[in-house]
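Trainee: Provided herewith is a single structure, encoded as structure tokens, for subsequent inquiry.
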Amino acid sequence: MKIKEIQEEIVDEFSMFDDWMQRYEYIIELGKNLPLIKEESKIEENLIKGCQSKVWLQGEQNDEKIVFTADSDAILTKGIIAILIRVFSNQTPKDIIDANMDFIDEIGLKEHLSPTRANGLVSMIKNIKMYALAFDAKK
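Residues in the sequence shown are numbered from 1 upward in steps of one, following UniProt numbering.
Given below as structure tokens:
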């Protein structure tokens, strides 16, 4: 699936819930299905700076696409990174770099996070895009 299609699917899923408590519960559920980073990859260089919680992110190139794994020590944050990985894993560096992030506003995620978690979300996106830039530069 293309990034835009996955984003639209997520927007549809979030629109099924009546309130933010249900959405938070859904985000936590998504975190339980996160493709986890290997324990030996939970190192300083994979730690995302700017997050209140600890979030580790790793991207590996698999043919022309980047496959992301991650983990967090906070259940809500784990769900947030799971959403981002669902959107960006198994995509080409160029598609990740060019991706529009409007779906985050469409589901209302940023406005329903504390300022420190919202900063963490921005840092997660930045790290994913940095992986894409790095892999794209290797071509």
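Quick reminder that beta carbons are idealized off the backbone N, C-alpha and C, glycines included.
Being a predicted model, the structure only gives us computed values, none of them experimental.
#1: Can you name, in chain order, every residue of its own chain whose Cβ lies under 8 Å from the Cβ of M21, other than the five neighbours on each side?
#2: Measuring only the C-alpha atoms, how far is E39 from L47?
#3: Kindly list the residues whose CB is nearer than 7 Å to the CB of N33, restricted to its own chain and excluding five residues on each side of it in sequence; keep chain order.
#4: For residue 140, name the three-state secondary structure that DSSP assigns.
#5: Measuring CB to CB, does E9 end up less than 9 Å from M1?
#6: Considering just the uninterrupted stretch of the alpha helix (DSSP H) at K65, what are its terminal residues?
#7: When the Cα of D19 is compared with those of I97, T77, H112, which residue comes out closest?
Mentor: From the atom records:
#1: none
#2: 13 Å
#3: A82
#4: Residue 140 falls outside the range modelled here, since the chain spans only 1 to 139, and no answer is possible.
#5: yes
#6: Per DSSP, K65 belongs to no alpha helix (DSSP H); it is in the beta strand (DSSP E), 65-72.
#7: H112
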